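Take a look at the structure below.
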Amino acid sequence: MEISQELDAAICNALQKLGQEKPSTKESPAWKFLNSPFFLSFVAGGFLSVTSLLVTNTLEDRKQQRQQQLSQFDSKTTTLKKFSDGMIRYVDYSLGMMHRAAWLYKQSRESANADESNSSETDDDKPVLTFRDGRSFHETRDYYERQRELARDMEYGTSICVYTKAVYADSSESVAVLKKLEASLRIYEDTWEVAELNKQKAEILKLTAEAADAMSAHLQTLSSR
Numbered sequence: 070m071e072i073s074q075e076l077d078a079a080i081c082n083a084l085q086k087l088g089q090e091k092p093s094t095k096e097s098p099a100w101k102f103l104n105s106p107f108f109l110s111f112v113a114g115g116f117l118s119v120t121s122l123l124v125t126n127t128l129e130d131r132k133q134q135r136q137q138q139l140s141q142f143d144s145k146t147t148t149l150k151k152f153s154d155g156m157i158r159y160v161d162y163s164l165g166m167m168h169r170a171a172w173l174y175k176q177s178r179e180s181a182n183a184d185e186s187n188s189s190e191t192d193d194d195k196p197v198l199t200f201r202d203g204r205s206f207h208e209t210r211d212y213y214e215r216q217r218e219l220a221r222d223m224e225y226g227t228s229i230c231v232y233t234k235a236v237y238a239d240s241s242e243s244v245a246v247l248k249k250l251e252a253s254l255r256i257y258e259d260t261w262e263v264a265e266l267n268k269q270k271a272e273i274l275k276l277t278a279e280a281a282d283a284m285s286a287h288l289q290t291l292s293s294r
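FYI, in our numbering the residues of the sequence shown are 70 to 294.
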């Protein structure tokens with residue numbers, strides 16, 4: 070019983086002493102370092118450096134994107150002008166050559182059929198064939214060959230169309246019209262019929278105007294961004 074009382078008294082005394090003690094206000098060396106001006110300056114400087122780096126990278130990315138957009142815009146503007154000028158020049162130059170090719174083809178077939186049905190007919194008896202400009206068959210053929218020689222460096226309408234489609238691949242409206250134009254150009258370049266040539270010429274000029282309008286609208290959309 071006495072032992073129990075002594076133990077209780079000892080515990081009470083220990084609790085009283087513990088309650089009277091104040092927590093130590095002495096800072097540890099690590100805490101002093103963390104609160105030091107040097108460390109705070111280091112942290113602040115690091116934060117500012119990282120922030121500055123992020124802002125610089127963001128601005129640089131935006132600058133590069135803007136430069137790419139301007140480059141694409143300039144490329145598309147140049148392509149539109151080349152497309153319009155090239156298609157008009159191609160039709161103007163090629164139409165006469167294509168008409169002569171169709172006429173020569175037709176006359177050659179008719180002459181071959183006539184030779185088969187009138188094998189006894191001499192050259193003097195055959196009618197003189199003249200193209201609408203007054204040239205004879207042989208003169209027209211020679212002139213056509215010279216035209217073909219000069220046309221070797223000419224950019225054909227189909228190649229102009231294919232290139233323009235690639236540049237304006239992100240404009241669905243432009244591509245849709247250019248596809249129709251390309252189909253019309255292939256018929257124009259492959260036909261031997263004068264009537265078909267005239268029909269496709271009108272279609273080509275119409276679609277060229279529609280394609281130019283679609284590309285101009287696309288450029289206006291890009292410039293407003």
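The beta carbon of each residue, even a glycine, is placed where N, CA and C say it ideally should be.
On a predicted model such as this, the values are computed, not experimentally measured, just so you know.
- M284 sits away from Y225, with the two beta carbons spaced by 8 Å or more.
- Beta-bridge annotation (DSSP): S205 is paired with T199.
- Counting other Cβ atoms within 10 Å of its Cβ, Y213 reaches 16 or more and is therefore classed as buried.
- Taking 8 Å as the cut-off, the beta carbon of R217 is found no closer than this to the beta carbon of M156.
- L139 and A170 have their C-alpha atoms roughly 45 Å apart.
- Across the set S292, S180, E258 and C230, the C-alpha of C230 shows the shortest separation from the C-alpha of A278.
- For T233, the number of other beta carbons within 10 angstroms of its own is at least 16, and it is reported as buried.
- If the five residues before and after S241 are omitted, its C-beta is found closer than 8 Å to no C-beta atom of its own chain.
- Nearest to A220 by C-alpha distance, out of S144, Q137, Q136 and Y159, is Y159.
- L250 is the residue among H207, L250, N182 and L173 whose C-alpha sits nearest the C-alpha of S153.
- One alpha carbon belongs to S243, the other to Y257, and they sit about 21 Å apart.
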